[in-house]
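Some notes on the structure that comes next.
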Amino acid sequence: MRFALSTSRVSPRALASALGLALAATPFTALAQTPPSASGESEEIVVTAERRAVDLMNASMSASVFSGTDLEERQIDDVDALQFHTPSLTVSTYGQGNLVNIRGVGRTEVVTQSAAGVPIYRDGVATFNSYFANTEPYFDIANVQVLRGPQGTFAGQNSTGGAIFIETVDPSLAGFGGYGQVQAGSFNQIAGRFALNVPISDTLAVRFAFDGEERDSFFDYGGTGDVDASLQRAAGRLGLLWAPTDNFEAVFKVDYDYHDGGANTYAPIASPNDFYDVETDLDLYAVDRFLRATSNLTYTTDSGWAFRSITGYQDGRTRQLSDSDGTALAIASLEYEATEEIVSQEFNIISPDDRPLQYVLGAYYSRSTVGIPLFVIDAPPVLIDLTSQLIRENTAVFGHVSYDLTPRLQVELGARYNHSVVEQDLITEVFFFGFPLGATPGPSTLPDDDSTTGKLGLSYQLDEDNFLYAFVATGHKNAGLNTSITAPPSFEGEDVLAFEAGYRVRLLDDRVNVQLSAYHYDYDNYQAAQFDVDTRQTVILNAPEATSQGIELQVDGTFGATSFNLAAAYGDSELGRFFAVDSRNPPPVLSPACPAGGPATTPQCLDLTGNRLPYSPEFTASAGLQHRFDTSFGTITPRIDVSYLGERYVNIYQIPTTDELDDLTLVNAQVAFTHDDWTLTAFATNLTDEHYVAAKLSGLRVVGAPRQVGVRVFRAF
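By the numbering used here, the letter at position 342 of the sequence shown is numbered 341, and the numbering carries on one by one without gaps.
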C-alpha cells in the first residue's frame, strides 16, 4: 500500500473549536480523574514489555515507566520531552530524524543504513528506523516503558542500548466513555485532543482518538526565501476489540499521522544572530506522514498458557528542502524524499504466571524497504544526485526462562538467534558546472549477519519490601551498508557485553519506592561516523573497543495529597585505542589510510583514545513535586518539574566549538483546577525561557523550543 505525499496543509483549528463546543454541550455523566491513593501509598507500577505483567519493584531490569496520567502531569508529549524525565536517556532531534541513546548506546547518525540501538515499539510493533517516530505525538497513551540495557530475548528486535515501549489505550467492553481537551497557548497555538470508547456488543468495542495542533513558527526568517514554518499536524487512531470468548481476544489498531513542520531550521554554529532569527535563500518545507496498522491476537487456555500473534504494517513518507549552509547565500541545499515500508510478524508462547518455571518463547520476522527516489545535494558548482533502495530483513527466534530455585531466589536465562540480510541498490551521479562526472551504479549485498545473544541473571527477594538482582547480557546491533559515491563499503555489527546489578526497596509503608542500579558495558566494533581515506567519503566504520559504566537512581513517593519523583544518573564512557579522520579536516588525496589501531599516518589521523561516547552526558537528573489542595469548590493541584542534562558531544571527535552541547536545565510548571468532570490547567514549558542548542550537525545548529505558556480545558465523560 502506498499513499501520495502532498505539501498542502491540513488545519486542526476548526476541529479543535468544534470540539470545545461539543464538550460544553455533552450531556453524559462525567467520570472523574482518579485521585492519588487516599492511604498515601505509591501505586504499583507494572511492566509489560517482557510480554507478561511484572511489578517493576520485583523486576530484574532497569526501567522507567510512565502512565498516561504521568505523561499529562509532566507534560511529556513526545520522545524528545521523554529524555528530560528518564535517567541516562538522550534524544537529539535533527528536524525529521532523531538520535535516541541510552547510557551512550544507540545511534550517532541519522541514516537509514544503520540499525537502531534503541528501537521504539508502538503496541508491540517496532516502528520506523530513522524518521517519523520523533514527530509522533503521545496521545491517548496507556503507558510508556523505557528499558535500559541490551534487549531481545523476550520480544521483537535485537538492541544494544535498550528499548522504548509505547502502549496506547485499548478499546474496552466496560462501558461508553471518553474525554475531550482543547488548548490555547503561545505562538497562537490551538490544539485539540479527544478519545471515544464505544462498546458495540458484549464482545465488540471500538475506540477512536484524535490529536491535532496548529501554531506559528518559533523563528523569524530573513533572506530571499519564502518560508511558512508554522506547525500543522493531525493524528488519529481507530481501535477495535473483539473478545468472542473468555479465552480469545483480538485488538486491531490503525494510526495515521500527518506532520507539517514548515521547515527544518538550521543556522551556522557561530552565527551572531539571535537563536530564533535565521536566514535562508530557499522556499523551505518539511512534511511527514505515515500509516500504521497493528493486530494483537491472544488465546489463553484455562490453565493459563497464552499464545500470541503480533502483526504490523507501516508505510511512511518524508519530504524536505533544507538550507545546508543556514544563510541567505546560495551555497548549499539538500532536497530529498524518503519512504519506508515495514511488515513484521511475531509469535509468542507464554507460560502460566503461577508456576516456578516461567518462560516466553518467540519467533520474529521483519522486512523494511527504504526508498530514496529524490536526494539532491546542490553545492555550486557541484551537484550530487542520488537514488537508492535499501532492503533489510531480520529473522529471529528467542526465549526467556525464569525458575524459582526457592520462594525468594530466582534464576533467569535468555537467548536469541538473529539472522539479518541487507541489500542496497544505489545510483549516484556527480555533476560539475552541469557536466556529468560519471555515475556509480551498483546493487550490493551485505554478507549475512548472524548473531547469538543472551542473558543470565539472578534475583533475590529479601522480604516483601527489598529486592536484589544482577545479570550479565549481550546485545548486537546489525551490520550495514554505507551510502557513498564510490562502491558502498560495509561496516560490521556492534556487540556489547553488559553487567548490571540493582536494588529495589519500598519505604515508609509503601509511600516511597526506590530503584538503584549500576552497570558496566564492554563494546566490540562500536559503530561511528568517520572519514574513509580510500573512498573520500564520510561513512560508518567500526572502532575496535569502548567501555561505559554508571549508576542510576529513581525515587517515587506519595504522602497523601503530595507526590514527588526524583531521578539521577552518573555515567562514564570512553573509546579504547582508536585512530580516525574527521571528515571536516580530510588529508590530501593519495594520503595513506588511517589505521584504526594507530599509529597516526598523517596529521589528520587523530588519536581519539579515551574520548567519551557521543550523547553520553556525565550527569542527568530530574525532579517533580505536586500537591493537591481540596476545597469546597474543587481541587487545585500545582506541579513543578526540573530537569538537568549534562554536557555531551555529538560525535567522537569532540571539538568543543562544533561538537559539544552545553549542559541544560529546564523547568516546567502547571496548575490544575478540577471541579466534577472538568479540569482547567494553566501551564508553562521551559519556564525560564532558556535559549539552547539542541543538536549540532555539519557546522550547523538546531535550537530547542523557547518558553510556551497556555491553558487547556479537559472533560471526561
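Where a beta carbon is used, it is the ideal one built from N, C-alpha and C, also for glycine.
Distance between residue j and residue i (C-alpha atoms, nearest Å)
i: Phe-164; j: Ala-114; result: 17 Å
i: Leu-146; j: Tyr-502; result: 16 Å
i: Phe-193; j: Asp-448; result: 45 Å
i: Ala-566; j: Lys-695; result: 26 Å
i: Ala-550; j: Ser-458; result: Here the sequence assigns Ile to residue 550, which means Ala is not the residue at that position. Approximately 18 Å between the Cα atoms of the pair.
i: Leu-461; j: Leu-467; result: 7 Å
i: Arg-706; j: Thr-451; result: 47 Å
i: Asn-97; j: Leu-552; result: 26 Å
i: Val-712; j: Glu-340; result: 38 Å
i: His-418; j: Ala-395; result: 6 Å
i: Thr-405; j: Tyr-643; result: 42 Å
i: Asp-352; j: Glu-463; result: 18 Å
i: His-84; j: His-626; result: 19 Å
i: Leu-172; j: Pro-446; result: 50 Å
i: Tyr-525; j: Thr-600; result: 22 Å
i: Ala-233; j: Asp-287; result: 11 Å
i: Ala-24; j: Gly-176; result: Reliability fails at Ala-24, whose pLDDT of 40 lies under 50, so the model's placement of it is uncertain and the value that follows must be treated cautiously. Approximately 15 Å, taken between the alpha carbons.
i: Asp-276; j: Phe-490; result: 40 Å
i: Gly-698; j: Phe-217; result: 21 Å
i: Val-110; j: Val-104; result: 16 Å
i: Leu-22; j: Ala-438; result: Here Leu-22 scores only 44 on pLDDT, less than 50, and its place in the model should not be relied on; the value that follows carries that caveat. Going by the C-alpha atoms only, they are around 60 Å apart.
i: Gly-709; j: Tyr-284; result: 27 Å
i: Asp-581; j: Ala-693; result: 22 Å
i: Thr-561; j: Ala-58; result: 26 Å
i: Asp-215; j: Ile-189; result: 10 Å
i: Glu-544; j: Leu-607; result: 12 Å
i: Arg-714; j: Asn-564; result: 26 Å
i: Asp-77; j: Arg-505; result: 30 Å
i: Arg-73; j: Thr-687; result: 16 Å
i: Leu-360; j: Asn-465; result: 29 Å
i: Val-701; j: Phe-618; result: 22 Å
i: Ala-500; j: Ala-242; result: 41 Å
i: Thr-28; j: Ala-327; result: Its pLDDT being 36, under 50, Thr-28 is placed unreliably by the model, and nothing is read from it.
i: Gly-609; j: Ile-309; result: 43 Å
i: Phe-207; j: Arg-236; result: 6 Å
i: Leu-290; j: Arg-318; result: 15 Å
i: Leu-373; j: Leu-436; result: 19 Å
Nearest residue (CA-CA) to residue i, options the options
i: Ile-348; options: Thr-264, Ala-337, Ile-376, Thr-300; result: Thr-300
i: Phe-251; options: Thr-223, Leu-296, His-626, Phe-466; result: Leu-296
i: Thr-656; options: Ala-269, Ser-302, Arg-576; result: Ala-269
i: Glu-689; options: Ala-141, Ala-681, Ala-704; result: Ala-704
i: Trp-677; options: Asp-662, Gly-633, Asn-512, Glu-659; result: Gly-633
i: Ser-516; options: Leu-506, Leu-507, Val-554, Gln-529; result: Val-554
i: Ser-621; options: Leu-203, Gln-319, Leu-663; result: Leu-663
i: Gln-150; options: Gly-559, Glu-278, Val-471; result: Val-471
i: Gln-423; options: Ala-242, Asn-481, Glu-248; result: Asn-481
i: Glu-212; options: Thr-279, Asp-322, Phe-138; result: Phe-138
Identity of the residues DSSP links to residue i by a beta bridge
i: Ile-199; result: Per DSSP, none; premise fails for Ile-199.
i: Tyr-137; result: For Tyr-137, which the question treats as bridged, DSSP gives no partner whatsoever.
i: Gln-603; result: In DSSP, Gln-603 forms no bridge with anything.
i: Ala-362; result: Phe-346, Val-396
i: Trp-304; result: None; Trp-304 has no bridge partner.
i: Asp-225; result: Answer is none; Asp-225 lacks a bridge partner.
i: Asn-541; result: Gln-526
i: Glu-213; result: Ile-189, Gln-231
i: Glu-588; result: Correcting the residue type first, residue 588 is Val in the shown sequence and not Glu. DSSP output for Val-588 lists no bridge partner at all.
i: Glu-617; result: None, per the DSSP bridge assignment.
i: Ser-562; result: Thr-557, Gln-625
i: Thr-368; result: Glu-340, Ile-390
Review point. Is it a yes or a no for the segment 223–239 touching the segment 251–262, going by three-plus beta-carbon pairs under 8 Å?
Key: Three or more beta-carbon pairs separated by less than 8 Å link the segment 223–239 to the segment 251–262, which places the two stretches in contact.
Practice item. Answer yes if the segment 666–673 comes into contact with the segment 638–651, meaning at least three C-beta pairs across the two stretches below 8 Å, and no otherwise. Key: A contact exists between the segment 638–651 and the segment 666–673.
Review point. Per the contact definition of three or more C-beta pairs closer than 8 Å, is the segment 180–194 in contact with the segment 149–157?
Key: Verdict: no, contact absent.
Check your understanding: Enumerated in chain order, which unbroken segments of the beta strand (DSSP E) with a length of 3 residues or greater are wholly contained in the segment 39–103?
Key -> Counting only runs of 3 or more, we get 61–66, 88–93, 96–101.
Practice item. Take every Cβ of the segment 370–382, pair it with every Cβ of the segment 425–434, and state whether three or more of those distances are shorter than 8 Å. Key: Yes: at least three Cβ pairs fall under 8 Å.
**Study point:** Three or more C-beta pairs below 8 Å linking the segment 112–126 and the segment 183–191
**Key:** Short answer: they don't touch.
Point to revise | Secondary structure, beta strand (DSSP E): runs of 3+ residues fully inside the segment 406–463 | key: Whole beta strand (DSSP E) segments, 3+ residues: 408–431, 434–439, 442–444, 448–462.
Check your understanding: Can you list the alpha helix (DSSP H) stretches of 4 or more residues lying completely in the segment 637–705, in chain order?
Key -> Segments of the alpha helix (DSSP H) lying fully in the segment 637–705: 655–658.
Review point. How do the segment 584–604 and the segment 78–92 stand: do at least 3 beta-carbon pairs fall below 8 Å, yes or no?
Key: The segment 584–604 vs the segment 78–92: no contact.
Practice item. Please specify which runs of the beta strand (DSSP E), each continuous and at least 3 residues long, are wholly inside the segment 482–532, giving them in chain order. Key: Listed in chain order, they are 493–506, 511–531.
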